[in-house]
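Peer 1: Could you have a look at this structure, given as structure tokens, before my questions?
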Amino acid sequence: DQQVKQNSPSLSVQEGRISILNCDYTNSMFDYFLWYKKYPAEGPTFLISISSIKDKNEDGRFTVFLNKSAKHLSLHIVPSQPGDSAVYFCAASAGNNRLAFGKGNQVVVIP
Amino acid sequence: DAGVTQSPTHLIKTRGQQVTLRCSPKSGHDTVSWYQQALGQGPQFIFQYYEEEERQRGNFPDRFSGHQFPNYSSELNVNALLLGDSALYLCASNHYRGANPLHFGNGTRLTVT
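Given below as structure tokens:
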């Protein structure tokens with residue numbers, strides 16, 4: 001049972017433009033949401049998180065938006081850079097730091 | 112400041128054998144979690160260790176066991192290996208209390224033939 005879903009497995013975007021990644025979840029007990037980036041042959045690297053008491057969190061070029069009523073979150077990367085080319089995972093937990101992950105989105109930034 | 116370190120990086124085993132994977136958490140972290148990532152999938156939670164005890168467990172059979180040592184490092188053991196156990200095994204660490212992000216190691220790539 002996939003509690004965290006990431007559709008559109010791959011995304012190509014021009015350098016300098018905005019990348020938008022979407023994530024849906026089904027478990028209403030989730031209260032902490034995270035995005036990770038993963039390069040080949042490396043472990044996932046933490047990017048940004050948001051708790052359920054907020055609807056937006058920003059860190060440099062990365063912004064995460066949370067819509068609790070729709071059980072939906074998104075990650076915006078602007079401007080996109082070639083080094084952002086990676087697989088991005090959405091993850092969520094229900095207050096216990098046990099993460100449920102989506103299957104990931106491959107992002108390719110074209111120079 | 113060393114991050115999460117895992118060993119070995121790659122391992123090839125035969126069906127039915129047993130394997131032990133090792134992990135040292137990021138400095139200052141007291142909790143270690145293990146995840147299995149199959150090809151094309153997101154990481155799946157195996158279990159979490161804190162104060163040398165298994166605190167949470169995912170939907171994995173008893174063939175998967177673990178241990179945490181007083182220095183917070185951890186081992187993952189898998190017995191009676193199956194072909195389907197072939198995957199990337201990720202160790203992650205964080206603080207037990209409060210919502211805080213997991214920091215992952217680079218993983219151990221296990222191949223079962």
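Heads up: the protein sequence lines correspond to chains B and D, in order. If you count the first sequence from 1, position 59 lands on 59 in our numbering, and the numbers rise without skipping. If you count the second sequence from 1, position 111 lands on 222 in our numbering, and the numbers rise without skipping. Using N, Cα and C, we set each Cβ at its ideal position, and we do this for glycine too.
Taking the Cβ atom as the reference point for each residue, do C90 of chain B and L73 of chain B lie within a distance shorter than 8 Å?
Peer 2: A contact, by the Cβ cut-off of 8 Å.
Peer 1: Quick one: using the 10 Å Cβ neighbour count with 16 as the cut-off for buried, is A41 of chain B buried or exposed?
Peer 2: exposed
Peer 1: Examine chain B for any beta-carbon lying closer than 8 Å to the beta-carbon of H178 of chain D, and answer yes or no.
Peer 2: Cβ-Cβ to chain B under 8 Å: no for H178 of chain D.
Peer 1: For the stretch 44 to 64 of chain B, list every residue whose C-beta sits within 8 Å of some C-beta in chain D, in sequence order.
Peer 2: Flagged, chain order: P44, T45, F46, S49, S51.
Peer 1: Taking DSSP as the reference, what is the three-state secondary structure of G104 of chain B?
Peer 2: In the structure shown, G104 of chain B sits in coil (DSSP, three-state: anything other than H, G, I, E or B).
Peer 1: What's the gap between the Cα of P154 of chain D and the Cα of N188 of chain D?
Peer 2: 18 Å
Peer 1: Classify G169 of chain D as helix, strand or coil using the three-state DSSP reduction.
Peer 2: coil
Peer 1: Which residue comes first and which comes last in the beta strand (DSSP E) that contains F30 of chain B?
Peer 2: No beta strand (DSSP E) holds F30 of chain B; DSSP gives it neither H nor E.
Peer 1: Can you name the residues of chain B whose CB is closer than 7 Å to the CB of F215 of chain D?
Peer 2: G43, P44
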